[in-house]
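Worksheet: one structure, shown below.
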Amino acid sequence: MFRDARSRKGVFVSHCFLNQNSISDGTADFPAANLPVVSLLLEHNVGIVQMPCPELICLGLDRGDAHGGERPVIAENTRIRAALQAQNPAKKLQQLAEQVVYQIEEYRKNGFAIVGVIGINRSPSCGVETTSNHNEEVAGQGLFLAALKQELDARGISLPMVGIKANEPERAIEAVSRLLGE
C-alpha cells in the first residue's frame, strides 16, 4: 500500500461557505469565504468538500430578480424558497442530493471519515436548524439539506449536520468544534 499525507478526514460544506460570491445580493458576510471556520477545519487537518449551490444551479446567480442589493434578507430568502419548490428546481435539488450522497459513499467506501455536514442557518436551501419561510426565520431545514438528509436516511447513512451563521462567528466556531469532537 502506498503512503501519502492525507488525513483521510473530510467535511461537506454549503457552497457559499467557501464562495460568498454565489449568494444573493446583500447577504454576504465575508468578501470571499468563512475564513474563521475554514481555518479551524484546516488546523484539524479536515478536508473541505464544497457541495453545489442549489440556488445558483436552480435559479441563477441573480436568483431571477435584480433589486440592486436592496432586498431584505428574509423576504429574499422566502422568494427563493418558493422558487425552489417549483417542479423543475425540486427535481434538481433531489439530483444534487443524490450526487452529494454518492460522493459521501465513495469517500467512506475508500476509508475516509466524513465528520459531517455544515450548512448555513437561515438559508432557504442550506439551513440545518433554521430556514426562512413566510418572511421569517423559522425552525427547520432548508430545502436542499432536507433532500440531502432524506437521501442519506434512504441509504442508511447517519452523519451529523450543524448549521452556522456567518454573522455569529463565536457560535459558528463552537458548533464546528463540537462537530470535530472538541
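Residue numbering for the sequence shown is 831 to 1012, as defined by this note's numbering. Here a beta-carbon is modelled for each residue, glycine too, at the ideal position from N, C-alpha and C.
Counting only runs of 4+ residues, the alpha helix (DSSP H) found wholly inside the stretch 915 to 983 occupies 917 to 939, in chain order. In this structure, the beta-carbon distance from residue 996 to residue 849 does not fall below 8 Å.
Non-local C-beta neighbours of residue 884 in its own chain, meaning closer than 6 Å and more than five positions away in sequence, comprise 923, 926, 955, 974, ordered along the chain. Judged by DSSP secondary structure, residue 1003 falls within the alpha helix (DSSP H) whose first and last residues are 999 to 1009. When 914, 933, 947 are compared, the shortest CA-CA separation from residue 941 is found for 933. Cβ contact annotation for residue 1001 (same chain, cutoff 8 Å, sequence separation greater than five): 994, 995, in chain order. For residue 878, the enclosing beta strand (DSSP E) begins and ends at 877 to 880. Bounds of any alpha helix (DSSP H) do not take in residue 994; it lies within the beta strand (DSSP E) bounded by 991 to 994.
Cβ contact annotation for residue 889 (same chain, cutoff 6 Å, sequence separation greater than five): 913, in chain order.
Of the candidates 1010, 874, 852, 1010 places its Cα closest to the Cα of residue 945.
Cβ neighbours of residue 928 within its own chain (closer than 8 Å, five residues either side excluded): 981. Bridge pairing for residue 840: 877, 944 [DSSP].
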